[in-house]
Amino acid sequence: RRGGRVFHVLANNQTHGILVDVDADALSEGTALEIIGNKDLTSGNLLHLETSSAVAQHPVLVEAKSLTSGNIIEIAADGLTSGAAMYIKGGNGATLDTGSLVKLETGSTQPEKGILQLVADSATSGKVMSISGSSITDGTLLDILGSDSQQSGALVNITGAADKVALKINSGNLGIDGNIDVSGHLNITGTFGNRINVLADSQTEGTMIDVNIQNMTDGNAIEVTGNTALRYGKLVHLETTSAAAQSPFII
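For what it's worth, this note's numbering labels the leading residue of the sequence shown as 386, then goes sequentially.
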């Protein structure tokens, strides 16, 4: 049979109530509504829900408030090679201002596994998560907001392999308004320019670089070695133009 309708419910004048009611209180196994068997679908839909209302609050509502384990919504797409298992498209121009295409909210105080989980333990290459914002000029691609009440822990925690790169910035700068606490090693490599640049022209007091080595017995606090080609440069350069400096260099 081509075209037409097999089952049609016409209730254009109904404003309240339920058009199709499926009551299956005792159902423990099986399916209340099943659409299966299709093998020729191309541009059609097995399930199509549409509303033209501009004030609809819950066009699609799934409630399972008593569920304690399992999955409320499950999408199986084992054969997917391109495309997306779930595709959400919305907003146009400046229409999406305070809204969100995806919003997750919970009242849980101690979520052990995370409110949002991305599990791709079988992935060996490629990307597990990708964020693209090629047209951004003054916004933020990823905004993490903590609280002043934080006492321990970290807003971002990365656990990777030892001596491997866990966070890499291919281009652009890293701006930090707070402090950097390094408990391991800091390795800086490069071939040109300033590898460490401390700019504090407005600071009048305090210490620019503070090295605290109270318990050191052997070794060097600062070591500059390995140079074999020095000509007009300097391994250490200290300079001041102050006419009132009393001890510009003291040991």
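Think of the CB as a built atom: it goes at the ideal place given N, C-alpha and C, for glycine as much as any other residue.
Since the model is a prediction, treat every value here as computed from it, not as a measurement.
| Check | Outcome |
| --- | --- |
| Integer-rounded CB distance, given that Leu418 should sit under 8 Å from Val407 | 6 Å |
| Reference Met471, options Leu486, Gly478 and Asp482, closest by Cα | Leu486 |
| Contact under 8 Å by Cβ, Leu620 with Phe634 | no |
| Within 8 Å, strictly: CB atoms of Ala449 and Ile457 | yes |
| Within 8 Å, strictly: CB atoms of Leu434 and Pro444 | yes |
| Span separating the alpha-carbon of Ile420 from that of Thr544 | 44 Å |
| Rounded distance between the beta-carbons of Leu503 and Leu489, thought under 8 Å | 13 Å between Cβ atoms; not a contact. |
| Beta-carbon separation (whole angstroms), Ala606 vs Val596, contact threshold 8 Å | 5 Å |
| C-alpha distance - Gly455 paired with Ser537, whole-angstrom precision | 32 Å |
| Sequence-distant residues of the same chain with beta carbon closer than 6 Å to Leu526, five excluded per side | Ile516 and Gly518 |
| Whether Val583 touches Ile594 by CB criterion (8 Å) | yes |
| Inside the stretch 431-459 only - beta strand (DSSP E) runs reaching at least 3 residues | none |
| Cβ separation of Ile529 and Val541, assumed to be a contact under 8 Å, to the nearest whole Å | 7 Å |
| Straight-line Cα distance separating Ile554 from Arg477 | First, the amino acid is wrong: residue 477 is Asn here, not Arg. Answer to the nearest angstrom: the Cα atoms are 31 Å apart. |
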